[in-house]
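Reading the sequence shown from the start, the letters are residues 1 to 508 in the UniProt record's numbering. Structure, as structure tokens:
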Amino acid sequence: MYFSKFFAGLFLGSLIVLAFQPFNYWFVTFLIPGLLYQLIKTEGVKNTFFISYFFGFGLWAFGIFWIENSITVYGGASPILGSFLTLLLAAFLSLFQAISFTAFKLVSSHRKTYEIFLLFPAAWVLSEWLREFLLTGFPWLYIGYTAVDNSLLQGYIPILGIFGIGFLIVLISQMFLALLNGLRDFTQSKSLYLSYLVLIIVFIGNQPLKNFNWTESTGKILATVVQPNIDIKEKWTQKGLQKIQSAIEKKLNQNPPQNLTQSSVIFWPEVTLTSLIQKDRINEFRNNILNENNMLGMVIGALSENKSEEINNSLIGIGNISGIYDKKILVPFGEYVPFSGLFSVFFDFFNFNRPQIFSGSKSELIGNDLIKISSAICYEIAYQNIFLSNSKKTNILFNASNDNWFGTGLGPHQHLQIARFRAAEHQKYLVRSTSTGISALINHHGQIIKKIEASTHKNELESFQEDVILKSGQTPYAYFGKNPFLFILVIIFFISAILKFKRDENLF
């Protein structure tokens, strides 16, 4: 019996990956959390731990197996070792689900309505919140990201943010299961009536919220989004650098400033230039590429070195825009070695042909009086605070990335979905430029206007031009941030602990 529940948990964890891109079966999120609750609701602490652990392992083993590509193709490991290390990471990440749902069981007071509709959704979000900051952090595959494609919930994204929308999805799943149980048992209870009422309110309220504009248009620019399509192995060679420099010259010749009739910005991906740029000579670097003019600007990724000889992964504004943004949240083992004394042997084994990167201090908006670009490099886009810190000042979002490491599997699609959610969260256009895809222009509702697909076999630069509407103002989520919801999360667990204590006290 127990083992069948373990495998059921594993199956449900694997199945929920289908809710994310590129599969986009978002409706399964209305069932799977509730089914997981059914598996653990009558179990003790020990079995709850293992059932939820297997659920987590199914989620991670299937959901992030694309990491194996970077270990084998670019790290030089054998497919067997690459698969083993990826599954080892999945086994570790599964602990977040196991710990959170075990905490749910420990404070559960068996007050069914409270447990079903508040405590269980709170436990689900707890597992996601912990992954945002514990150890190196890995805020990936949050259930709320599926809402950007969910036509029944899209209107709530700018209000609730990722944690709030995740809570709502799990709550809806619990309500669907309550309805099914009620119909099966022909019972009429408070839970059943509450489920009917809340579902009706949520789904009816979504439509006017989808059409509500929390931000306002203040102008527009012409954006050129560039995808160089240079393989990462070639990128870090002299030949690759020359190829990129030629591509930059070609793109500038296609956009001569004297022919422009509106402000135009060319967006390049993360570390487009692999040659080292001294921060104290940044103006000289800018002038060598593009002199200041009234109409044309460019944002380009490069490695910059500060006075302490630390190398930063930076975005630099050139031409009619200025500013430097340094990457704050680095990729473990890709850009730095966490617990270096323990793991440096693995870093050397993987033989990454790139320098060690340090977290930077520059967090300027890139732009001018008209354009205010808030930037996130690579998987920084998954961290809410990156855009929250500048939400009041910015009118366009930019995500520069290099998804070449992860091939054409699930990773680039999941990454793009996160970027789309950030755009909807802030109701601002988001430009995404990557080395080999997926590059895209995303509107303020998180919908793709235009994109360039991912490919590791292309060898020619691709680009597109589209108008970008500049949007100023803040959504409710951008104004209040995530802390109010996290406070509610703590309150739910605190009340549950009190109810549990009182129940246990009454037993004696």
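Glycine included, each C-beta is placed from N, C-alpha and C at the ideal position. Since the structure is predicted, the reported quantities are computational estimates derived from the model, not experimental observations.
Close beta carbons around residue i, own chain, < 7 Å, minus the five adjacent residues each side
i    : result
A61  : L87, A90
L160 : L168, Y477
N390 : L365, S374
G34  : S173, Q174, F176, L177
I230 : G240, K243, I244, S435
E234 : G240
A454 : D403, T408, P412, T436, G437, I438
F65  : T86
E310 : F358
Closest by C-alpha distance to residue i, when choosing among the options
i    : options                : result
S4   : S127, L15, I51         : I51
F23  : L192, V431, Q227, Q417 : Q417
T224 : Q278, L39, D467        : D467
N395 : D369, A424, Y379, K428 : K428
S361 : Q207, I329, G367       : I329
G290 : I469, I321, A497       : The residue you asked about is not Gly; residue 290 is Leu in the sequence shown. Checking every option, the nearest Cα to that of L290 belongs to I321.
G319 : N312, L252, Y196, E305 : L252
K279 : A302, I266, T272       : A302
S472 : L370, S463, G205, V73  : L370
Q97  : F117, P121, I324, K112 : P121
T218 : E305, L470, K500       : L470
Exposure label - residue i; buried when at least 16 CB within 10 Å
i    : result
G44  : exposed
H426 : buried
F212 : exposed
R422 : buried
R281 : exposed
T146 : buried
H110 : exposed
F398 : buried
G9   : buried
E128 : buried
P484 : exposed
P139 : buried
E68  : buried
K450 : exposed
N150 : buried
Q238 : exposed
Q262 : exposed
K372 : buried
Q227 : buried
Neighbourhood of residue i by C-beta distance below 8 Å, restricted to the same chain and skipping five residues each side
i    : result
L388 : A478, G481, K482
I491 : none
S401 : P269, E270, I377, C378, Y379, I381, H415, R432, S433, T434, S435
L12  : I32, L35, L36, L39, F55, G58
L119 : F104, V107, S108, I492, F493, S496
F30  : I169, I172, S173, F176
Q474 : W214, T215, S391, K392, H426
Three-state secondary structure assigned by DSSP to residue i
i    : result
Q278 : strand
F267 : strand
F44  : One detail in the question is off: residue 44 reads as Gly in this sequence, not Phe. Coil.
K243 : helix
N255 : coil
S361 : coil
K250 : helix
I32  : helix
T224 : strand
I329 : coil
L273 : strand
E284 : helix
A77  : coil
T215 : coil
S308 : coil
N206 : helix
L315 : strand
G323 : coil
L303 : strand
L296 : strand
T237 : coil
F23  : coil
Spatial neighbours of residue i in its chain, beta-carbon cut-off 6 Å, leaving aside the 5 residues before and after
i    : result
G63  : V17, L141
F352 : Confidence at F352 is low in this model, with a pLDDT of 48, below 50, so the placement of that residue should be treated as unreliable; the coordinate-derived value is given next. No residues qualify anywhere along the chain.
H445 : A424
K210 : Q154, G155
F186 : Only weak support is given to the placement of F186: the predicted model assigns it a pLDDT of 44, under 50, and the value that follows is read from those uncertain coordinates. Correct list: empty, nothing qualifies.
E132 : P139
Contact test: residue i Cβ vs the ligand FAD heavy atom, cutoff 7 Å
i    : result
V271 : Ligands in the displayed structure: none, and consequently the ligand FAD is not present.
Beta strand (DSSP E) segments (min. 3 residues) lying fully within the region 364-425 | As far as the region 364-425 is concerned, its whole beta strand (DSSP E) runs of at least 3 residues are 372-377, 396-401.
Taking only runs that begin and end inside the region 423-490, name each unbroken beta strand (DSSP E) of 3 or more residues, in chain order.
-> Taken in chain order, the complete beta strand (DSSP E) segments of 3 residues or longer contained in the region 423-490 are 430-434, 439-442, 448-452, 462-472.
Beta strand (DSSP E) runs wholly inside the region 141-183, at least 3 long, in chain order = For the region 141-183, not a single whole beta strand (DSSP E) run of length 3 or above is found.
Whole alpha helix (DSSP H) elements within the region 83-147, 4-residue minimum = Taking only runs of at least 4 residues, the alpha helix (DSSP H) segments lying wholly in the region 83-147 are 120-133.
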